[in-house]
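J.: The following block contains the structure, expressed as structure tokens.
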Amino acid sequence: MNKPVIPSILSSGTPLEYACDWGKIARLIVHDSLKTQPGEKVIIHADPTYFPVLTEQVRIELVRAGAVELAVSMVNSGALEAVRRSHLRREDPDLVDMEDRAMASLFDLADIYIWLPTLWLINPGQTEKILKTWSGRSIHFHWLIDPNDPVEFRLLSQMYNEALFVDYEALDSRQQDLIASLRDSTVHITNPAGTDLTFTLREAHFHRGNGQASKDFIASYARTGSARDREVELPAGAIRTVDVTNAEGRLVCSDETFFGRPVGDLVYTFREGRIAGVESQHHNDYVQAMWGIQTGDKDRIGEFNLGVNPALTLLADYPKSIPYFGYGDGVLRLSLGDNQESGGGNISSYHQWMFLTDATLEADGKTLVEKGKLTG
Numbered sequence: 001m002n003k004p005v006i007p008s009i010l011s012s013g014t015p016l017e018y019a020c021d022w023g024k025i026a027r028l029i030v031h032d033s034l035k036t037q038p039g040e041k042v043i044i045h046a047d048p049t050y051f052p053v054l055t056e057q058v059r060i061e062l063v064r065a066g067a068v069e070l071a072v073s074m075v076n077s078g079a080l081e082a083v084r085r086s087h088l089r090r091e092d093p094d095l096v097d098m099e100d101r102a103m104a105s106l107f108d109l110a111d112i113y114i115w116l117p118t119l120w121l122i123n124p125g126q127t128e129k130i131l132k133t134w135s136g137r138s139i140h141f142h143w144l145i146d147p148n149d150p151v152e153f154r155l156l157s158q159m160y161n162e163a164l165f166v167d168y169e170a171l172d173s174r175q176q177d178l179i180a181s182l183r184d185s186t187v188h189i190t191n192p193a194g195t196d197l198t199f200t201l202r203e204a205h206f207h208r209g210n211g212q213a214s215k216d217f218i219a220s221y222a223r224t225g226s227a228r229d230r231e232v233e234l235p236a237g238a239i240r241t242v243d244v245t246n247a248e249g250r251l252v253c254s255d256e257t258f259f260g261r262p263v264g265d266l267v268y269t270f271r272e273g274r275i276a277g278v279e280s281q282h283h284n285d286y287v288q289a290m291w292g293i294q295t296g297d298k299d300r301i302g303e304f305n306l307g308v309n310p311a312l313t314l315l316a317d318y319p320k321s322i323p324y325f326g327y328g329d330g331v332l333r334l335s336l337g338d339n340q341e342s343g344g345g346n347i348s349s350y351h352q353w354m355f356l357t358d359a360t361l362e363a364d365g366k367t368l369v370e371k372g373k374l375t376g
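Using our numbering, you'd call the opening residue of the sequence shown number 1 and step up by one each time.
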């Protein structure tokens with residue numbers, strides 16, 4: 001099914017701007033995080049209408065680092081995407097293969113991929129597959145995906161700017177302490193909505209979202225076949241693993257949307273590691289119908305994420321807005337279904353993020369998160 005091209009302030013053609021020190025942020029990306037070396041070859045993916053000053057500053061810093069800019073790939077505009085869809089460029093298998101092989105051949109030349117802010121709904125989406133086998137490294141700097149509310153955009157932009165410049169040494173230390181407590185543990189999660197869920201993290205490999213994307217760091221821990229381990233998000237903050245087994249109990253999230261329809265409370269019941277049932281407060285017939293047509297490993301937990309960045313906090317006036325994909329202090333995100341991008345074995349038509357912002361989490365009885373806040 002084709003996704004609609006949704007109107008956005010990004011598709012108006014007017015450059016999207018935010019007043020901050022983009023040169024400082026570009027230096028963080030190119031020098032502090034990537035530690036770009038002379039001669040390294042770089043692909044940039046950018047939207048010319050979304051923070052064009054940042055794109056320019058990143059290109060400048062790459063020159064100062066002695067790197068080689070292979071290409072700046074522009075995000076598809078709404079008009080271009082409409083024409084591409086009318087020509088079945090991502091539907092016809094032969095055309096998909098033609099484009100994917102061409103993109104892969106470009107990545108074969110590159111050491112670094114920098115994904116700057118774009119509108120996801122009209123992104124070609126080819127790079128995730130390539131990163132599974134590519135030997136390079138990547139920065140994802142998404143900012144806001146579809147910032148239609150200018151007030152929310154300003155508030156989150158201010159927050160993200162601060163979250164970029166946290167104490168990274170302290171962030172990494174805290175992440176490693178949490179990983180040590182979580183690995184090989186039985187995790188128990190509860191929340192006021194009624195979640196009562198346990199699962200195990202036996203010999204779990206964790207992605208460390210500590211802001212480091214240097215060649216040495218990525219090589220030291222990236223799991224083979226995991227695009228996620230070669231992608232470093234900025235702002236940073238999450239630890240995450242696909243090694244989730246033996247799920248039992250209930251996962252309950254309030255005020256949820258299921259395939260585009262608001263359904264109120266959404267309840268997943270787990271037995272013997274699988275989703276045994278899905279129920280919703282509203283439109284349950286619709287939920288059952290949509291769930292019934294999903295294929296593959298739809299009934300598995302795909303990934304467990306725990307946010308650690310102290311600067312990413314919930315906005316009081318925007319309770320449904322989860323700052324930067326749940327990377328903030330104490331936010332839990334459970335991914336259901338497909339987890340191939342993260343190096344997992346689940347293959348499914350279903351992929352859903354479930355956020356818990358007020359949960360309590362225990363690992364082998366030790367409380368790590370209490371009512372949505374990290375302890376200690």
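From the three backbone atoms N, C-alpha and C, an ideal C-beta is built for every residue, glycine too. Please read these numbers as outputs of a predicted model, since none were measured by experiment.
#1: By the DSSP assignment, the alpha helix (DSSP H) with residue 150 in it spans what residues?
#2: Hey, quick one: how far does the beta strand (DSSP E) through residue 232 stretch, first residue to last?
#3: Hey, quick one: how far does the beta strand (DSSP E) through residue 305 stretch, first residue to last?
#4: If I'm right that residue 384 touches residue 78 with Cβ under 8 Å, what's the distance once you round it to whole angstroms?
#5: Going straight from the alpha carbon of residue 25 to that of residue 89, what length do you get?
#6: Within 10 Å of its beta-carbon, does residue 303 have 16 or more other beta-carbons around it, so buried, or fewer, so exposed?
#7: In chain order, what residues of the same chain have a beta carbon less than 8 Å from the beta carbon of residue 230, not counting five sequence neighbours either side?
#8: By DSSP, does residue 298 sit in helix, in strand, or in coil?
#9: To the nearest angstrom, report how far apart residue 299 and residue 314 are at their CA atoms.
#10: In chain order, what residues of the same chain have a beta carbon less than 6 Å from the beta carbon of residue 99, not counting five sequence neighbours either side?
#11: Quick check: the Cα distance between residue 238 and residue 278, rounded to an integer number of angstroms?
#12: With the cut-off set at 8 Å, would you say residue 75 and residue 29 are in Cβ contact?
#13: Quick one: what does DSSP say residue 203 is sitting in, helix, strand or coil?
#14: Can you give me the Cβ contacts of residue 363 inside the same chain, cut-off strictly under 7 Å, excluding the 5 residues immediately before and after it?
#15: Report yes or no: do three or more beta-carbon pairs, one from the region 267-286 and one from the region 164-172, lie closer than 8 Å?
#16: How would you label residue 194, buried or exposed, when you count the other beta carbons within 10 angstroms and need 16 or more for buried?
#17: Return the chain-ordered list of same chain residues with a C-beta closer than 6 Å to the C-beta of residue 264, the five sequence neighbours on each side being excluded.
#18: What are the boundary residues of the beta strand (DSSP E) that residue 48 is part of?
#19: Run through DSSP, which three-state label would residue 280 get?
#20: Once DSSP output is grouped into helix, strand and coil, what is the label at residue 212?
#21: Spell out the partners DSSP gives residue 328 in its beta bridges.
#22: What residues match up with residue 143 in a beta bridge as DSSP calls it?
#23: Just to check my reading of the structure: residue 247 and residue 199 have Cβ atoms closer than 8 Å, yes? What is that Cβ distance to the nearest angstrom?
#24: Would you check if the region 240-257 and the region 141-152 touch, i.e. whether three or more CB-CB distances between them fall below 8 Å?
#25: Going by CA-CA distance only, name the one from 144, 347, 189 and 113 that's closest to residue 71.
T.: In brief:
#1: Here residue 150 corresponds to residue number 150 of the sequence shown, with the count starting at 1. Boundaries of the alpha helix (DSSP H) around residue 150: 150-163.
#2: Position 232 of the sequence shown, counted from the start, is the residue given in the question as residue 232. Residue 232 -> beta strand (DSSP E) spans 231-233.
#3: Locating residue 305 in the sequence shown gives position 305, where the first residue counts as 1. It spans 301-307 - the beta strand (DSSP E) in which residue 305 sits, taken as one unbroken run.
#4: Examination of residue 384 is not possible in this model, given that the chain is present from 1 through 376 alone.
#5: Sequence index remark: in the sequence shown, residue 25 carries index 25 (1-based). Sequence index remark: in the sequence shown, residue 89 carries index 89 (1-based). Distance between residue 25 and residue 89, taken at the CA atoms: about 35 Å.
#6: What you label residue 303 is simply residue 303 of the sequence shown in a count that begins at 1. When all chains shown are included, residue 303 counts as buried.
#7: For this step, residue 230 is matched to residue 230 along the sequence shown. Closer than 8 Å at Cβ, skipping near neighbours: 131, 134, 136, 137, 138, 218 and 222.
#8: Here residue 298 is taken as the residue at index 298 of the sequence shown, counted from 1. Looking at residue 298 - three-state DSSP - the assignment turns out to be coil, as it is neither helix nor strand.
#9: Here residue 299 refers to the residue found at position 299 of the sequence shown. Here residue 314 refers to the residue found at position 314 of the sequence shown. Distance between the alpha carbons of residue 299 and residue 314 is about 30 Å.
#10: Numbered from 1 along the sequence shown, position 99 holds the residue referred to as residue 99. Apart from sequence neighbours up to five positions away, no residue of its chain approaches residue 99 with a beta-carbon distance below 6 Å.
#11: One-based indexing of the sequence shown puts residue 238 at position 238. One-based indexing of the sequence shown puts residue 278 at position 278. Each residue's Cα considered, the two are about 27 Å apart.
#12: The residue given as residue 75 occupies position 75 in the sequence shown. The residue given as residue 29 occupies position 29 in the sequence shown. 8 Å or more divides the Cβ of residue 75 from the Cβ of residue 29.
#13: Against the sequence shown, residue 203 aligns to sequence position 203. Annotated three-state conformation of residue 203 is coil, per DSSP.
#14: Counted from its first residue, the sequence shown places residue 363 at position 363. Result list for residue 363: 181, 182, 185 and 187, in chain order.
#15: No contact exists between the region 267-286 and the region 164-172.
#16: Here residue 194 refers to the residue found at position 194 of the sequence shown. Around the beta-carbon of residue 194, fewer than 16 other beta-carbon atoms lie within 10 Å, marking it exposed.
#17: In the sequence shown, the residue the question calls residue 264 occupies position 264. The answer, listed in chain order, is 281 and 282.
#18: For this step, residue 48 is matched to residue 48 along the sequence shown. Membership of residue 48 in any beta strand (DSSP E) is not indicated, and neither H nor E is assigned to it by DSSP.
#19: The residue given as residue 280 occupies position 280 in the sequence shown. When secondary structure is reduced to three states using DSSP, residue 280 falls in the strand class.
#20: Translated into the one-based positions of the sequence shown, residue 212 becomes position 212. Correct three-state label for residue 212: coil.
#21: As a position in the sequence shown, residue 328 is number 328, starting the count at 1. As computed with DSSP, residue 328 is found in a beta bridge with 309.
#22: Counting from one through the sequence shown, the residue named residue 143 turns up at place 143. DSSP lists no partner for residue 143.
#23: Start at 1 with the first residue of the sequence shown, and residue 247 comes out as number 247. Start at 1 with the first residue of the sequence shown, and residue 199 comes out as number 199. In this structure residue 247 is in contact with residue 199, their Cβ atoms being roughly 4 Å apart against a cut-off of 8 Å.
#24: No, the region 141-152 does not touch the region 240-257.
#25: The count along the sequence shown starts at 1 and reaches residue 71 at position 71. Here the closest residue by C-alpha is 113.
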